[in-house]
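Peer 1:
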Amino acid sequence: MRYGVLLSSGIVIIGGMIYLWRHGREQPQFHVFKGEPEKFRTPGPLFRAILNGEGRPIIQLGLFVLIATPILRIVFSIFGYLLEKDWLYLLITLVVLAVILWNF
Numbered sequence: 002m003r004y005g006v007l008l009s010s011g012i013v014i015i016g017g018m019i020y021l022w023r024h025g026r027e028q029p030q031f032h033v034f035k036g037e038p039e040k041f042r043t044p045g046p047l048f049r050a051i052l053n054g055e056g057r058p059i060i061q062l063g064l065f066v067l068i069a070t071p072i073l074r075i076v077f078s079i080f081g082y083l084l085e086k087d088w089l090y091l092l093i094t095l096v097v098l099a100v101i102l103w104n105f
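Our numbering numbers the first residue of the sequence shown as 2 and each following residue consecutively.
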């Protein structure tokens, strides 16, 4: 978990630095509300923007890594409990994973 948090923090910091480098001197337009751009809502354009080095999608990638870290730990725990044949903890872990995925 520690490495996932450190990795996501690094990605967010890099994305924030890129965003500030490109947009740091712009004046904010507080009287006009602009929601999230449409291209950042679907995976294809989002990954193309990441490969182009845009700051906001890189920040979103870091947040995705942060969210995925505990979920991956639960998935790896399932495989560990299967190998150990610890059925009680396997069942508990599957219930926890189901609850998390249901809430998404």
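Cβ coordinates follow ideal geometry from the N, Cα and C atoms, glycine included.
Going straight from the alpha carbon of residue 14 to that of residue 103, what length do you get?
Peer 2: If I take the Cα positions, the gap works out to 30 Å.
Peer 1: Since residue 60 and residue 20 should fall inside the 8 Å C-beta cutoff, what is the C-beta to C-beta distance between them, to a whole number of angstroms?
Peer 2: Contact flag correct, Cβ pair sits at about 7 Å.
Peer 1: Could you give the DSSP three-state label for residue 63: helix, strand or coil?
Peer 2: In the structure shown, residue 63 sits in a helix (DSSP, three-state: H, G or I).
Peer 1: Give the straight-line distance between the Cα atoms of residue 2 and residue 9, rounded to the nearest whole angstrom.
Peer 2: Between residue 2 and residue 9, the C-alpha separation is close to 11 Å.
Peer 1: Quick one: what does DSSP say residue 32 is sitting in, helix, strand or coil?
Peer 2: Residue 32: coil per DSSP, three-state reduction.
Peer 1: Within a Cβ cutoff of 7 Å, which residues of the same chain sit near residue 90, ignoring the five residues on either side of it in sequence?
Peer 2: If we look at residue 90 and ignore the five residues flanking it on each side, its Cβ neighbours are 82.
Peer 1: Reducing DSSP to helix, strand and coil, say where residue 42 ends up.
Peer 2: Correct three-state label for residue 42: coil.
Peer 1: Measuring straight from C-alpha to C-alpha, what distance separates residue 58 and residue 41?
Peer 2: Going by the C-alpha atoms only, they are around 7 Å apart.
Peer 1: Is the beta carbon of residue 63 less than 8 Å from the beta carbon of residue 5?
Peer 2: No, these two residues do not count as a Cβ contact at 8 Å.
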